[in-house]
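In this note's numbering, the protein residues as written are -9 to 67.
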């Protein structure tokens, strides 16, 4: 399955950590935009390969730069 299953979102200091269930054979990329009305999606960190376990993405110092934002995870087949 390639559906993204969110496992958790945490704020640690000024970082945002997003954890998902991954599946082997798929790649995952976290993206962020400040607004959904005029989205400008930007990659956050490097893409990660699915392991069959939990992957954690970290948006470092996000809360220092912007107090709000929207995230999505792109899944590569």
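Glycine included, every Cβ here is placed at the ideal spot set by N, Cα and C. Note that the structure is predicted; figures quoted are calculated from it, not measured.
- Burial state of residue 20 is buried, judged by a 10 Å Cβ sphere holding 16 or more other Cβ atoms.
- Runs of the alpha helix (DSSP H) lying entirely within the region 35 to 59 and spanning at least 4 residues, in chain order: 52 to 55.
- Sixteen is the threshold: since fewer than 16 other Cβ atoms of the shown chains lie within 10 Å of the Cβ of residue 44, the residue is exposed.
- By a beta-carbon distance limit of 8 Å, residue 5 contacts residue 49. Their separation comes to about 6 Å.
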